[in-house]
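Asks:
Numbering (our numbering), first residue to last: 33 to 272.
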């Protein structure tokens with residue numbers, strides 16, 4: 033059976049402007065690889081209602097899971113929740129359980145639950161809350177879409193809440209070999225190896241070091257025996 037698939041939707045003008053560097057994609061890719069869930073696509077969109085809605089529709093239909101990051105805070109440009117709801121044609125409003133979490137949190141910290149903060153309790157009808165142990169304001173899961181914060185520390189904490197509920201597959205294993213030859217020299221043998229092992233993923237990542245050209249060749253797959261066999265052939269073709 034093939035592994036479950038996933039996509040990620042990164043939302044925010046600050047990412048596209050270069051003001052903020054996204055770290056969540058790297059973290060998500062590593063975690064999903066360990067869980068045997070194949071991350072197939074990552075898309076970045078602006079804080080535009082139609083862009084968010086269209087991307088959620090397309091990606092949630094194409095993959096088993098969709099993870100979003102960004103746009104669920106208290107400010108006017110935090111519009112992710114509304115547009116995920118719109119993608120599913122689902123009503124959204126302040127929900128009692130989310131409101132109770134925020135009320136307890138802000139009462140404890142001596143702050144008021146004003147209208148801006150209350151925006152973070154707007155949850156689509158039928159969604160399941162995602163726990164946020166860092167700053168309390170919850171994310172949510174609606175269908176196969178997991179909506180989480182953009183702040184890396186909060187995103188990572190929310191993801192830990194989601195993972196136990198997901199169906200995983202076989203973890204993807206990898207082995208790598210550094211070959212001190214230009215890519216043009218290794219392309220032919222590597223293509224032949226890939227043809228003999230169609231169940232494995234093979235990538236070549238070139239570098240230049242002290243005037244010499246080389247490449248890191250990475251083999252990935254779920255079957256350790258096949259991976260070992262392919263790597264043995266690669267080492268034989270390019271002995272150190």
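Where is the CB? At the ideal position from N, CA and C, for every residue including glycine. Nothing here was measured: the structure is a model prediction, and the numbers come from that model.
Under the assumption that residue 246 contacts residue 210 (Cβ atoms under 8 Å), give the Cβ distance between them as a whole number of angstroms.
Replies: 6 Å
Asks: Enumerated in chain order, which unbroken segments of the alpha helix (DSSP H) with a length of 4 residues or greater are wholly contained in the region 62 to 136?
Replies: Those alpha helix (DSSP H) runs which fall completely within the region 62 to 136 and span 4+ residues are 81 to 94 and 112 to 119.
Asks: Between the beta-carbon of residue 107 and the beta-carbon of residue 41, is there less than 8 Å?
Replies: No; because the gap between Cβ atoms is not below 8 Å, this pair is not in contact.
Asks: For residue 238, list the residues DSSP reports as bridge partners.
Replies: 247
Asks: Between the C-alpha atoms of residue 232 and residue 260, what's the straight-line distance to the nearest angstrom?
Replies: 11 Å
Asks: Quick check: what's the CA-CA separation for residue 193 versus residue 73?
Replies: 22 Å
Asks: Looking at the secondary structure, which residues open and close the alpha helix (DSSP H) in which residue 222 lies?
Replies: 215 to 228
Asks: For residue 248 and residue 98, what's the separation of their Cα atoms in angstroms?
Replies: Approximately 31 Å, taken between the alpha carbons.
Asks: Using C-beta distances below 7 Å, list every residue in its chain close to residue 214, excluding the 5 sequence neighbours before and after it, in chain order.
Replies: 245
Asks: Below 7 Å CB to CB, which residues in the same chain sit around residue 265 once its five sequence neighbours on both sides are set aside?
Replies: 225
Asks: Since I believe residue 158 is in contact with residue 112 (beta carbons under 8 Å), could you give me their beta-carbon distance rounded to a whole number of angstroms?
Replies: With a Cβ gap of about 17 Å, residue 112 and residue 158 do not count as contacting.
Asks: Span of the beta strand (DSSP E) holding residue 262?
Replies: From DSSP, residue 262 is part of no beta strand (DSSP E) but of the alpha helix (DSSP H) over 256 to 269.
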